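FYI, the numbering for the sequence shown is 197 to 486, going by the working numbering. For each residue, glycine too, the CB sits at the ideal point set by N, CA and C. Since the structure is predicted, the reported quantities are computational estimates derived from the model, not experimental observations.
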Amino acid sequence: MAMRSIGSLTISFGLVAIPVKLYTATQTANSISFNLLHKGCGSRLKQQYVCLKDGTTVERDDMVKGYEFAKDQYVQFSNEEIKAMEEIGTHSVDIAEFVPIESIDPVYFDKTYYLAPDKGGAKPYGLLNEALKDTKRCAVARWAARGKSYLVALRPVGDVLTMQQLHFATEVRAATEVDVTKPDVKAQELKLAKQLIEQQTTEKFDPTAYVDDVRARVEAAIQKKVEGQEISIAEGPVETGGKVIDLMEALRASLTKTETAKANVAKLGPRKAPKRVEQAEKPARKASKR
């Protein structure tokens, strides 16, 4: 099934305007969710807001937003006042600069979108995409939507431009805030660690090699419940607590383990990912709406 565009934008590349269509790159809507039900009769529960002062239920018409500037002290804002402070949404992605792709730490990456050329945009779209690939750079730009201002990076993935939302600097905590004492690493330990890394190194990351086993289990359990079957509860892993280990011995054992695993894969072939429980998906979604 072809993707459905969620909007139209215009990339400002110098004096060149590139009309594009916007698509979501991830499928968070496919996540499985559960509703809260009354245990006795199975009916859906309705959320209510209760005043902490007098214990009464408050209707939406009597609600107002407030900001806590000190402990239990608030300043109130009307919807009109909040609306006036919001960023005016635009259909323009204004490129501010070009930077090496590797210069952006992945910690700044947020939601990802795909961009496709809109009417009349095929030629400049392809030109920008090829130029970014050849220069190994990405474009840093600003975009306003839904009352907010976003920092984004435009980068090529094959023949497709992606728009990656970036966190602002104030939203990212510095790694130096984590207190880590640098240990004394012995040369032999480092050598074995590098050997273990080399043993488990592949040419590139293949996301299809990893399967969401938890989702498959949940889908299968939902299907059984829909069919009226009972599901068995498996015991969780036993907590053994932290063990003091000999680092050198652990590294040597890891090397041996990976060598054995590689030998077995060579004999039997790569392990196939388990098939997705397709039958459970439709009932699962239906169940989440009850």
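query: Considering only the alpha carbon of each residue, which of I278, D257 and E255 lies closest to Y263?; result: I278
query: Looking only at DSSP bridge pairs, what is E445 linked to?; result: For E445, which the question treats as bridged, DSSP gives no partner whatsoever.
query: Quick one: Cα of V348 to Cα of I300, how far?; result: 11 Å
query: Is the beta carbon of C334 less than 8 Å from the beta carbon of V295?; result: yes
query: Does DSSP put D330 in a helix, a strand or coil?; result: helix
query: State the DSSP-derived secondary structure class of R369, mapped to helix, strand or coil.; result: coil
query: How should P352 be labelled, buried or exposed, when 16 other C-beta atoms within 10 angstroms of its C-beta is the threshold for buried?; result: buried
query: For the candidate residues M281, V212, E255 and L451, whose alpha-carbon lies nearest to that of R342?; result: M281
query: Quick one: Cα of T404 to Cα of T397, how far?; result: 17 Å
query: Assuming P215 and K315 are in contact, meaning their beta carbons sit under 8 Å apart, how far apart are those beta carbons, in whole angstroms?; result: 6 Å
query: Would you call the stretch 304 to 315 in contact with the stretch 356 to 366, where contact means no fewer than 3 C-beta pairs closer than 8 Å?; result: yes
query: Specify, as a first and last residue, the run of the beta strand (DSSP E) that Q361 falls within.; result: V356 to L362
query: Using the DSSP secondary-structure output, state which residues sit across from L205 in a beta bridge.; result: V216
query: From which residue to which residue does the beta strand (DSSP E) around A221 run?; result: First-last for A221: undefined, no H or E at that position.
query: Can you grab the Cα-Cα spacing for the pair F209 / K217, in whole Å?; result: 16 Å
query: From what residue to what residue does the beta strand (DSSP E) around K382 run?; result: Element bounds for K382: n/a, residue is neither H nor E.
query: DSSP beta-bridge partners for I300?; result: I300 is not bridged to any residue.
query: For E373 and E423, I'd like the C-alpha separation in whole angstroms.; result: 51 Å
query: I'd like to know whether the C-beta atoms of Q384 and M444 end up nearer to each other than 8 Å.; result: yes
query: Please state the DSSP three-state secondary structure of S450.; result: helix
query: Which class does V440 belong to by DSSP, given the choice of helix, strand or coil?; result: Because the pLDDT at V440 is just 48, under 50, the model does not fix this residue reliably, and the value given afterwards should be weighed accordingly. It is coil, neither helix nor strand.
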